[in-house]
Amino acid sequence: MTARTDGFDQLREPSQEVLERAAEAFGLLAAPARLHIMWVLAQGESDVTHLAEIVGGSLPAVSQHLSKLKLAGLVRARREGRRQVYFVDAAEHAYVMTVVQVMVGQLSEHAAQATGPVRLGRGLRRAGA
1 MTARTDGFDQ
11 LREPSQEVLE
21 RAAEAFGLLA
31 APARLHIMWV
41 LAQGESDVTH
51 LAEIVGGSLP
61 AVSQHLSKLK
71 LAGLVRARRE
81 GRRQVYFVDA
91 AEHAYVMTVV
101 QVMVGQLSEH
111 AAQATGPVRL
121 GRGLRRAGA
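Have a look at this one:
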């Protein structure tokens, strides 16, 4: 067996608690709308009206997604007058934002290069390939 050179051989085995927290975060991000909201908030803070316009959802639906993300601690909010402004604490959740940005960025890049829809399964591939 050859030694790994990608740096993963130096990582400690994660605890069950860490794996459960990661699974919860990935579960929350499994909804396309919530993933899109996190992507937008990675670019900067926003209120629910602006998020609904960008994500293409209704105000109640986007508010519900934000509530779930807030309860999980992935999103925070502050009041500015009569509106709530949502943001991601980049220092606290940099790891989540990195995963979101890398995954969405790479999928977008593959989609731009593909002649058909990008499919997940046994890796990314072009339709018909």
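Just so we're aligned, residue 1 is where the sequence shown starts under the UniProt record's numbering, counting upward by one. From the three backbone atoms N, C-alpha and C, an ideal C-beta is built for every residue, glycine too.
Just curious, the beta strand (DSSP E) that residue i is in, first and last residue?
{"i": "residue 104", "result": "Looking at the DSSP string, residue 104 is not in any beta strand (DSSP E); the run it does join, the alpha helix (DSSP H), is 94 to 113."}
{"i": "residue 52", "result": "Element bounds for residue 52: not the beta strand (DSSP E) but the alpha helix (DSSP H), 48 to 55."}
Looking at the structure shown, is residue i part of a helix, part of a strand, or coil, going by DSSP?
{"i": "residue 34", "result": "helix"}
{"i": "residue 75", "result": "coil"}
{"i": "residue 88", "result": "coil"}
Starting from residue i, follow the alpha helix (DSSP H) in both directions and report where the run begins and ends.
{"i": "residue 23", "result": "16 to 28"}
Grab me the residues of residue i's own chain with a C-beta within less than 7 Å of its C-beta, minus the 5 sequence neighbours each way, in chain order.
{"i": "residue 129", "result": "In this prediction, residue 129 scores a pLDDT of 44, lower than 50, which makes its location untrustworthy; the coordinate-derived value is nonetheless stated afterwards. Hits under 7 Å: none found."}
{"i": "residue 63", "result": "48"}
{"i": "residue 89", "result": "76"}
Which same chain residues end up closer than 8 Å to residue i when comparing Cβ atoms and leaving out the 5 residues on each side of it in sequence?
{"i": "residue 31", "result": "65"}
Closer than 6 Å by C-beta to residue i: which residues in its own chain qualify, once you throw out the five before and the five after it? Chain order, please.
{"i": "residue 57", "result": "33"}
{"i": "residue 83", "result": "47"}
{"i": "residue 29", "result": "35"}
- Query: Can we say the segment 14 to 24 touches the segment 35 to 52, given the rule of at least three CB pairs closer than 8 Å?
  - Reply: no
- Report yes or no: do three or more beta-carbon pairs, one from the segment 90 to 105 and one from the segment 31 to 51, lie closer than 8 Å? yes
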